[in-house]
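For the protein sequence lines, the chains are A and B, in the order given. Okay, so the first sequence: first residue is 1 according to full-length UniProt numbering, each after it adds one. Okay, so the second sequence: first residue is 1 according to full-length UniProt numbering, each after it adds one. Cβ atoms here follow ideal geometry from the backbone N, Cα and C, with glycine treated the same way. What follows is a set of notes on a single structure, which appears directly below.
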Amino acid sequence: MSGPFARAASAAAEVAGRHADSVDRDARFPAEAFAALKDGRLLGAMVPRDFGGEGASLTDMAAVAHALAQQCPSSGLIFAMHQIQVACLVRHGQGSAWHRDLMARLAAEQLLLASATTEAGIGGDVRSSACSVEGDGDGDGDGFRLEKQATVISYGAEADAILVTARRKPDSPASDQVIVPVLKDQLRLEEIGNWDTLGMRGTRSIGYHLRAEGVRAQIMPLPYADISAQTMLPVTHILWSSAWLGIASDAVARAGAFVRAEARKRPGTQPPGARRLAEVTARLQTMRGMVRGAIAQFEEASDSPDRLTSMGFAVAMNTLKMSAAEMVVRIVEQSMLVAGLSAYRNDSPYSLGRHLRDAHSAPLMISNDRVLGNTANLLLAHKDNGSLFG
Amino acid sequence: MVSSDDIRDLLRDSGWLTVDASELSENDDLYAAGLTSHGSVNLMLALEERFDIEFPEQLLRRRTFESIGAIRNAVAGLLGGTAAA
Numbered sequence: 001m002s003g004p005f006a007r008a009a010s011a012a013a014e015v016a017g018r019h020a021d022s023v024d025r026d027a028r029f030p031a032e033a034f035a036a037l038k039d040g041r042l043l044g045a046m047v048p049r050d051f052g053g054e055g056a057s058l059t060d061m062a063a064v065a066h067a068l069a070q071q072c073p074s075s076g077l078i079f080a081m082h083q084i085q086v087a088c089l090v091r092h093g094q095g096s097a098w099h100r101d102l103m104a105r106l107a108a109e110q111l112l113l114a115s116a117t118t119e120a121g122i123g124g125d126v127r128s129s130a131c132s133v134e135g136d137g138d139g140d141g142d143g144f145r146l147e148k149q150a151t152v153i154s155y156g157a158e159a160d161a162i163l164v165t166a167r168r169k170p171d172s173p174a175s176d177q178v179i180v181p182v183l184k185d186q187l188r189l190e191e192i193g194n195w196d197t198l199g200m201r202g203t204r205s206i207g208y209h210l211r212a213e214g215v216r217a218q219i220m221p222l223p224y225a226d227i228s229a230q231t232m233l234p235v236t237h238i239l240w241s242s243a244w245l246g247i248a249s250d251a252v253a254r255a256g257a258f259v260r261a262e263a264r265k266r267p268g269t270q271p272p273g274a275r276r277l278a279e280v281t282a283r284l285q286t287m288r289g290m291v292r293g294a295i296a297q298f299e300e301a302s303d304s305p306d307r308l309t310s311m312g313f314a315v316a317m318n319t320l321k322m323s324a325a326e327m328v329v330r331i332v333e334q335s336m337l338v339a340g341l342s343a344y345r346n347d348s349p350y351s352l353g354r355h356l357r358d359a360h361s362a363p364l365m366i367s368n369d370r371v372l373g374n375t376a377n378l379l380l381a382h383k384d385n386g387s388l389f390g
Numbered sequence: 001m002v003s004s005d006d007i008r009d010l011l012r013d014s015g016w017l018t019v020d021a022s023e024l025s026e027n028d029d030l031y032a033a034g035l036t037s038h039g040s041v042n043l044m045l046a047l048e049e050r051f052d053i054e055f056p057e058q059l060l061r062r063r064t065f066e067s068i069g070a071i072r073n074a075v076a077g078l079l080g081g082t083a084a085a
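In C-alpha cells form, the structure reads like this:
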C-alpha cells in the first residue's frame with residue numbers, strides 16, 4: 001500500500017499474517033497484530049494533531065483495514081470496528097471537555113475502543129434500545145448507571161473503552177437514544193455464551209451482561225440518531241467494505257499466483273483457470289471502484305450534516321454494504337474455481353478455505369435483509385436525481 | 001394554508017409517536033416523542049397525500065420532520081403560501 005501510514009500498516013499486516021492461522025484456529029483475539037498497530041500509532045491515528053493524534057482521514061484508515069484484512073480478516077475487521085468508534089468520538093466529541101480528554105488519551109495510550117449497540121429483546125435493530133441511562137440529577141458531574149444485555153460486543157474483553165447505546169432517560173421512547181463511552185474501570189462485563197463460529201473467529205463477538213457507572217459528562221451531546229446517520233452508519237459500511245475488499249483482493253491474488261505457476265510449467269499453453277481469473281479480476285475491479293467511490297462520496301460530504309443526513313446518502317451507503325457483502329462471497333467462490341482443488345485444500349499456499357468462511361460473515365453482519373428492508377423504506381420517499389456525480 | 005393543528009391531527013391519528021400529539025408544542029422534538037426514521041418516511045408520504053405536494057430531495061432529511069413547526073414551515077413552503085400559527 002502507499003500513503004502516509006503505509007510503513008506502519010505494512011509492518012502490522014505482516015505480523016497479522018504470521019498469526020492469522022492460530023487466531024483462526026483458536027478463535028482468539030489477534031493480540032500480536034494489535035500490539036503492532038499500537039506500536040505504529042495507528043489506533044489513535046484519526047485523532048486530530050491538536051489532541052496528540054496524526055489527523056488521519058477515513059481514506060487512510062480504510063487503506064489500513066484493507067491491508068490488514070488481506071493478511072488476517074479478523075484483524076482487519078476489528079481495526080475497522082475500532083476506527084468506527086474513533087470516528088464518532090473525533091467527529092462529535094470535540095465540543096465537550098470529557099470527550100476531548102478521552103481523545104487525548106486515545107492518542108497517547110493507543111486505547112482500543114469497542115461498541116455495544118445490539119441488545120436482547122430488540123431484534124437486531126441498533127436504532128432502538130431497551131436499556132436506559134439512569135440516575136438522579138442532570139448536571140455534568142452527576143452520576144449515571146447503565147445496565148445492558150448486549151447480545152454482541154466484539155473483542156469486548158480486550159477493549160479499553162466501550163461505546164454503549166441506551167435510551168436517553170428511563171421514560172424515553174426506544175428510538176430516543178444516546179451513546180456513551182464507558183472506560184474499562186467503569187465497567188463490569190459478564191460473558192454470555194461462547195464463541196465458536198464458521199469464520200471471523202478472531203473477533204470473539206460474544207454477548208455480555210454489561211453494567212456501567214460514570215458521570216453524565218460522558219454522554220455524547222449529539223443524539224445517537226444524528227451520530228448514527230452522520231458518522232456511524234456510513235463509516236461502518238465503508239470500513240467493513242474495505243476489510244471485505246481485502247479478503248477479495250487476497251483471494252484473487254492467490255488465484256493469480258496459482259495460474260502463473262501453472263503457466264510456467266507449460267509455457268505457450270493457457271492454463272485452464274486463466275479465463276476464470278480474468279473474469280474474477282473484472283469483478284474485483286468493480287468492487288474496488290465501488291468502495292473507492294463510497295469513500296470519496298463520504299469525504300466530499302463529511303463536513304455537511306445536511307448532506308450526510310440526506311436520504312440519498314443513506315441509500316448510497318446501504319447499497320454499498322449490501323453489494324460489497326455479496327461481492328466478497330462471490331469473488332472468493334470464483335477464485336476457488338480458478339485454482340480448483342489447490343484452493344479447496346487447507347494445506348496449500350493457494351488455500352481459500354479461511355477466506356470463504358470469513359467472507360460468509362459479510363451478508364450477516366447487520367443482515368443484508370435488514371439493510372434491504374431499510375433501503376426499501378427510504379426509496380418510498382427518495383427520488384434519485386439521475387445525475388452521474390450525485 | 002396549513003396550520004400546526006393540521007399537522008398535529010395527522011400525527012395524532014398516525015400511531016408514529018409514543019405520546020399524544022395534542023400535547024406537543026410547536027417546537028417539541030418529535031424524535032424524542034418516538035418518531036423513527038421509518039415513521040418519518042410514512043409521515044412524509046401522508047403529508048404528500050394530504051396536501052397534494054411533493055417533497056424535493058433536499059428536504060428529505062431528519063431536520064425537516066423534527067418538530068410540528070418545522071413540518072408546518074416545510075409544507076407551507078411547498079404550498080407556496082405562508083404558514084398559519
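Check	Outcome
When you check each C-beta in the region 303-315 of chain A against every C-beta of chain B, which residues fall closer than 7 Å?	D306, T309, S310, M311 and G312
Using 8 Å as the Cβ pair cut-off and three pairs as the minimum, do the region 301-313 of chain A and the region 212-224 of chain A touch?	no
Does the region 62-70 of chain A come within contact of the region 91-103 of chain A, defined as at least 3 CB pairs closer than 8 Å?	no
Beta carbon of A:L372, beta carbon of A:A251: below 8 Å?	no
In the structure shown, what three-state DSSP assignment does A:R168 receive?	coil
Please list the partners that B:L60 has in chain A, where partner means a Cβ-to-Cβ separation under 7 Å.	S310, M311, A381 and H382
Can you tell which of A:A229, A:T236, A:V182 and A:R127 has its C-alpha closest to the C-alpha of A:G214?	A:V182
Have a look at A:L245, A:Y208 and A:S241 and flag the residue whose alpha-carbon is nearest the alpha-carbon of A:I366.	A:S241
Are the C-beta atoms of A:L388 and some chain D residue less than 8 Å apart?	Protein chains in the displayed structure are A and B, and chain D is not among them.
Which residues in chain A have a C-beta closer than 7 Å to the C-beta of residue 93 of chain B? List them in chain order.	Past the boundaries of the shown model lies residue 93 of chain B; chain B is included only from 1 to 85, so the question cannot be answered.
Return the CA-CA distance between B:N42 and A:A243, expressed in angstroms with no decimal places.	35 Å
If you follow the beta strand (DSSP E) that A:K148 is in, where does it begin and where does it stop?	G143 to S154
Between B:L11 and chain A, is the shortest Cβ-Cβ distance under 8 Å, so that the two count as touching?	no
Chain A partners of B:E57, CB-CB under 8 Å?	S310, M311, G312, H382, K383 and N385
Under 8 Å, Cβ to Cβ, is there at least one residue of chain B near A:R330?	no
Would you verify that the beta carbon of A:D176 is, or is not, closer than 8 Å to some beta carbon of chain B?	yes
Flag A:P170 as yes if its beta-carbon sits less than 8 Å from any beta-carbon of chain B, otherwise no.	no
Alpha carbon to alpha carbon, what distance is there between A:R188 and A:Q149?	12 Å
Determine the chain B residues that contact A:A225 at a beta-carbon separation under 8 Å, and present them in chain order.	Y31, S37 and R62
Between A:L284 and A:S249, how many whole angstroms is the CB-CB distance? I'm expecting something under 8 Å.	7 Å
Flag B:G34 as yes if its beta-carbon sits less than 8 Å from any beta-carbon of chain A, otherwise no.	yes
Do the region 126-143 of chain A and the region 75-84 of chain A make contact, defined as three or more Cβ pairs closer than 8 Å?	no
Within 8 Å (strictly less), CB to CB, does B:L24 reach chain A?	no
Taking A:I162 as the reference, give the member of A:A174, A:L146 and A:K321 with the closest Cα.	A:L146
Return the chain-ordered list of same chain residues with a C-beta closer than 6 Å to the C-beta of A:E54, the five sequence neighbours on each side being excluded.	A45
Which runs of the beta strand (DSSP E) spanning at least 3 residues fall entirely within the region 273-320 of chain A, listed in chain order?	none
Flag A:A229 as yes if its beta-carbon sits less than 8 Å from any beta-carbon of chain B, otherwise no.	yes
Which chain B residues sit within Cβ distance under 9 Å of A:L173?	As written in the sequence, residue 173 of chain A is Pro, which differs from the Leu given in the question. Result: L17, T18, V19, Y31, A32, A33, G34, L35 and T36.
Would you call the region 262-282 of chain A in contact with the region 109-127 of chain A, where contact means no fewer than 3 C-beta pairs closer than 8 Å?	no
Is it buried or exposed, A:D50, if we count other Cβ atoms within 10 angstroms and call 16 or more buried?	exposed
Could you give the first and the last residue of the continuous beta strand (DSSP E) run that contains B:S37?	From DSSP, B:S37 is part of no beta strand (DSSP E) but of the alpha helix (DSSP H) over S37 to F51.
Does any residue of chain B have a CB that is nearer than 8 Å to the CB of A:R127?	yes
Which residues in chain A sit within 9 Å of B:L45, going by Cβ to Cβ distance?	L380 and A381
For the pair the region 327-340 of chain A and the region 273-290 of chain A, tell me if three or more CB-CB distances fall below 8 Å.	yes
Mark B:S37 as exposed unless 16 or more other C-beta atoms lie within 10 angstroms of its C-beta, in which case mark it buried.	buried
Checking the sheet assignment: what are the DSSP bridge partners for A:I192?	A:G207
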